[in-house]
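Here the structure is laid out as C-alpha cells; the discussion comes afterwards.
Numbering (our numbering), first residue to last: 1 to 124.
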C-alpha cells in the first residue's frame with residue numbers, strides 16, 4: 001500500500017512544481033519521492049510522467065520512470081512504474097510496478113495499492 005502527501009515545505013525540483021512523498025508499507029517498506037516531469041490534461045483526465053526514488057527502510061533504493069493517469073471525474077488513478085535501477089539489495093534492479101488508487105485533491109493526498117515484480121541479476 002502507498003499513501004502520498006503533497007507537502008508544501010518539501011524541496012521540489014519538478015519543472016511543474018508537482019512532487020509527492022509516498023509512505024510505502026507491505027513487502028516494501030519506506031518512502032518514495034515522486035517528481036513530475038511533464039503533464040497534459042483533458043476535461044476528464046490528467047496524464048503525468050514522473051521519476052520516483054524509493055528509499056527503503058533497509059537503506060537500499062529503487063529508481064523508476066512513471067506514467068500516471070488520474071480520472072478527474074471520480075479521482076481514480078493508475079500509475080505504471082518502470083524500475084530503472086537501485087542500490088543495496090536492489091542494485092541493477094529492473095521490473096514493473098502498478099499503482100491503483102484514489103486521489104483526494106482537497107486534502108492533498110492519495111492512497112493506493114502497489115503491485116508488480118522487481119528483478120535483480122541474482123534472481124533465478
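Glycine residues also receive a C-beta, built at the ideal position from the N, C-alpha and C atoms. Here the structure is a predicted model, which means the values were calculated and not measured.
Cβ separation of residue i and residue j, assumed to be a contact under 8 Å, to the nearest whole Å
{"i": "residue 119", "j": "residue 89", "result": "Contact flag wrong, Cβ pair sits at about 12 Å."}
{"i": "residue 32", "j": "residue 47", "result": "Incorrect: roughly 19 Å between the Cβ atoms, too far for contact."}
{"i": "residue 61", "j": "residue 55", "result": "6 Å"}
{"i": "residue 71", "j": "residue 45", "result": "6 Å"}
Beta-carbon contacts of residue i that lie in its chain and below 8 Å, excluding the five residues immediately before and after
{"i": "residue 51", "result": "34, 35, 37, 63, 64, 65, 66"}
{"i": "residue 105", "result": "75"}
{"i": "residue 13", "result": "19, 35"}
{"i": "residue 43", "result": "72"}
Closest Cα partner of residue i within the set the options
{"i": "residue 114", "options": "79, 122, 13", "result": "79"}
{"i": "residue 19", "options": "41, 25, 53", "result": "53"}
{"i": "residue 28", "options": "83, 43, 57", "result": "57"}
Same chain only: Cβ atoms within 7 Å of residue i, ignoring 5 sequence neighbours per side
{"i": "residue 85", "result": "63, 92, 93"}
{"i": "residue 41", "result": "none"}
{"i": "residue 59", "result": "88"}
Environment of residue i [buried if 16+ CB atoms lie within 10 Å]
{"i": "residue 101", "result": "buried"}
{"i": "residue 103", "result": "buried"}
{"i": "residue 25", "result": "exposed"}
{"i": "residue 97", "result": "buried"}
{"i": "residue 16", "result": "exposed"}
Own chain residues within Cβ distance below 6 Å of residue i, not counting five before or after
{"i": "residue 121", "result": "92"}
{"i": "residue 117", "result": "95"}
{"i": "residue 81", "result": "64, 66, 97"}
Determine, using beta-carbon pairs with one atom in the region 70-85 and one in the region 93-113, whether at least three such pairs fall under 8 Å. As far as the Cβ criterion goes, the region 70-85 touches the region 93-113, which means the pair count is three or higher.
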